[in-house]
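Protein chains: 2
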Amino acid sequence: MTTSSDTRTELLRPDGSPVRVLVVDDEASLTELMSMALRYEGWEVRTAADGAGAVRAARAFRPDAVVLDVMLPDMHGLTVLGRLRRELPDVPVLFLTAKDAVEDRIAGLTAGGDDYVTKPFSLEEVVARLRGLIRRSGAAARRTESVLAVGDLTLDEDSHEVTRGGQSIHLTATEFELLRYLMRNPRRVLSKAQILDRVWSYDFGGQANVVELYISYLRRKIDAGRSPMIHTRRGAGYLIKSAEAAAA
Amino acid sequence: MTTSSDTRTELLRPDGSPVRVLVVDDEASLTELMSMALRYEGWEVRTAADGAGAVRAARAFRPDAVVLDVMLPDMHGLTVLGRLRRELPDVPVLFLTAKDAVEDRIAGLTAGGDDYVTKPFSLEEVVARLRGLIRRSGAAARRTESVLAVGDLTLDEDSHEVTRGGQSIHLTATEFELLRYLMRNPRRVLSKAQILDRVWSYDFGGQANVVELYISYLRRKIDAGRSPMIHTRRGAGYLIKSAEAAAA
DNA sequence: CGCCAACCTGTGAATTCCCTGAGAAACGCC
DNA sequence: GGCGTTTCTCAGGGAATTCACAGGTTGGCG
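As given, the protein sequences belong to chains X and G, one line each in that order.
Residue numbers 2 to 249, in this note's numbering, belong to the letters of the first sequence in order.
Residue numbers 2 to 249, in this note's numbering, belong to the letters of the second sequence in order.
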């Protein structure tokens with residue numbers, strides 16, 4: 002429709018300014034990673050390394066969403082949460098928590114519409130969850146659709162349903178995340194490194210050819226028999242586009 | 002008739018503004034938890050930590066419903082109730098009380114249209130009770146339906162009656178709450194963590210596989226022999242949808 | 001045309017995730 | 001207090017998923 006270069010639906014605040022996200026974690030490498038990913042989404046990002054800083058930043062920055070590590074040096078995440086809520090009663094929070102420590106401490110975290118992801122997470126997952134939170138919180142100007150569409154291919158982020166030409170397609174969790182990443186960047190070449198960084202968790206230590214493998218899986222399910230939508234740019238990466246656009 | 006994408010019916014006041022709820026409890030973590038859950042319902046929430054604060058808040062905030070802990074630091078819940086009634090004669094009240102201390106005086110109060118839940122409660126339960134109170138009090142714009150329907154499955158929040166294809170189904174209390182939560186979010190994947198936070202009481206410290214277990218129970222009763230409505234999204238969670246929608 | 005790098009995909013093993021039976025404990029009702 | 005019901009733990013089994021490996025295929029380039 003409009004310029005093909007950016008089909009990314011921006012999440013905007015009512016006044017048209019970009020969404021603001023506060024990231025709170027004491028591990029600098031992690032806040033760094035997240036900042037880059039979220040800024041790339043077109044969001045404004047501020048970071049804090051501890052609870053006190055988080056509260057200060059919340060007051061000054063007034064974010065639309067917060068990413069909060071449950072384990073902080075100065076206070077427990079739930080304490081921080083309480084103080085944050087005093088500043089920002091309605092802001093949705095995405096908690097980061099260690100996989101094994103899913104103890105009773107976490108009970109209630111997702112209860113109010115908040116959400117959490119366990120470390121190690123994939124950036125795609127974090128971004129998707131954040132988008133969901135912001136979408137549902139009403140901070141976004143318009144409640145954006147939860148359905149991504151490229152050509153006759155659709156992917157519903159709420160129901161996790163994927164269809165091509167109206168026909169339902171079953172994907173595994175990893176396949177789903179990979180396809181979501183591709184579809185959120187249609188007509189854009191994504192390198193294997195980008196995909197690996199984005200779809201696999203940040204501590205993935207395996208072979209880089211898992212990407213090839215999963216692209217192969219996806220093709221079998223998405224493109225099977227039909228005109229292909231997933232294309233290889235040899236030496237560069239992969240991209241997805243509608244079959245009609247491909248014909249052009 | 003197929004289920005729409007978002008069946009969450011907003012409870013609104015006659016003038017179209019969101020319903021207002023006052024939460025009174027001296028335990029900050031509890032008011033915190035409740036606030037999150039109620040705001041997520043789309044309601045406006047104010048909190049107070051003691052009886053005096055409650056009366057002040059009632060005067061200023063003029064809520065449509067009150068959640069009131071019976072045990073408060075400065076005065077007994079029934080005393081607070083009296084003062085509240087002077088401010089808000091018709092407002093329905095949901096009492097919070099310890100399990101063992103269900104004084105019959107409180108039990109008697111429910112005759113007047115009020116209601117109570119015992120600690121520890123589940124958020125699903127509190128929200129449902131509140132919805133019921135508000136619905137019946139007439140504060141809501143229109144008397145909203147108390148029946149949830151997904152496909153040929155119906156669940157009456159008032160009578161607790163559940164039917165599939167016209168046939169009545171007996172559920173236990175937990176099964177009922179789980180099904181209600183699913184049905185209030187049709188076609189949306191709910192993670193085990195979300196379900197646990199919402200359907201089980203906030204102090205539940207047990208194994209996360211109770212969710213799997215109860216899903217199994219529900220399937221036996223809801224889906225037995227018929228085309229299944231409860232679906233597993235491996236690695237993501239569960240969702241409910243009408244059998245016809247599933248066939249698509 | 002031949003070679004190499006990049007990519008594709010079949011096979012299979014390890015792992016994770018989920019389901020469910022059996023029974024213990026808690027509850028509620030007479 | 002006794003009995004049926006409900007909730008929950010535990011553990012085994014089974015199936016889906018993830019991933020490594022390796023051999024085959026393709027495309028670009030000299």
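For every residue, glycine included, the Cβ atom is placed at its ideal position computed from N, Cα and C.
Chain G has a Cβ within less than 8 Å of the Cβ of alanine 112 of chain X.
Secondary structure note for aspartate 116 of chain X: its beta strand (DSSP E) is the uninterrupted segment 116-120. Contact residues of the stretch 133-163 of chain X toward chain G are Asp159, Ser160, His161 (C-beta to C-beta distance below 7 Å).
A direct Cα-to-Cα measurement between tyrosine 239 of chain X and valine 190 of chain X gives close to 5 Å. Leaving aside the five residues that flank phenylalanine 96 of chain X on each side, the residues in its chain whose CB is nearer than 6 Å to its CB run, in chain order, Leu69, Val71, Leu110, Tyr117. Looking at the DSSP output, methionine 72 of chain G sits in a beta bridge with G:His77. Apart from the 5 residues on each side of it in sequence, alanine 58 of chain X sits with its Cβ closer than 6 Å to the Cβ of Leu23, Arg47, Ala49 in its chain, given in chain order. For phenylalanine 62 of chain X, the enclosing alpha helix (DSSP H) has its first and last residue at 52-62. Within the same chain, Cβ atoms closer than 6 Å to the Cβ of histidine 232 of chain X are found at Leu240, the five residues on either side in sequence being excluded. Judged by beta-carbon spacing, alanine 55 of chain X lies within the 8 Å limit of leucine 85 of chain X, meaning their Cβ atoms are closer than that value. Residues Leu124, Tyr203 of the same chain have their beta carbon placed closer than 8 Å to that of leucine 34 of chain G, with the five preceding and five following residues left out of the count.
For glycine 78 of chain X, no chain G residue has a Cβ inside 9 Å of its Cβ, as the nearest lies near 13 Å away. Counting along the chain, no beta strand (DSSP E) covers isoleucine 196 of chain G; the unbroken alpha helix (DSSP H) around it starts and ends at 193-200.
Per DSSP, reduced to three states, the secondary structure at glycine 226 of chain X is coil, with no helix or strand assignment. Comparing alpha-carbon positions, the option among G:Leu180, G:Val92, G:Ser138, G:Ile135 lying closest to aspartate 157 of chain G turns out to be G:Leu180. In the displayed model, serine 138 of chain X falls within a helix according to three-state DSSP.
The alpha-carbon separation between serine 192 of chain G and alanine 237 of chain G amounts to approximately 6 Å. Under the three-state reduction of DSSP output, alanine 66 of chain X falls in the strand class.
Under the three-pair Cβ rule at 8 Å, the stretch 152-167 of chain X does not count as touching the stretch 206-218 of chain X.
The contact set of alanine 174 of chain X on chain G, defined by CB atoms closer than 9 Å, consists of Arg234, Arg235, Gly236, Ala237 in chain order. Nearest to phenylalanine 62 of chain X by alpha-carbon distance, out of X:Val81, X:Leu89, X:Val94, is X:Leu89. Burial of valine 128 of chain X is indicated by the presence of at least 16 other C-beta atoms within 10 angstroms of its C-beta.
Between glycine 52 of chain G and valine 81 of chain G a beta carbon distance of about 4 Å is seen, short of the 8 Å cut, so the two are scored as contacting.
Residue G:Asp159 holds the alpha-carbon nearest to the alpha-carbon of valine 148 of chain G among G:Ala140, G:Ile170, G:Asp159.
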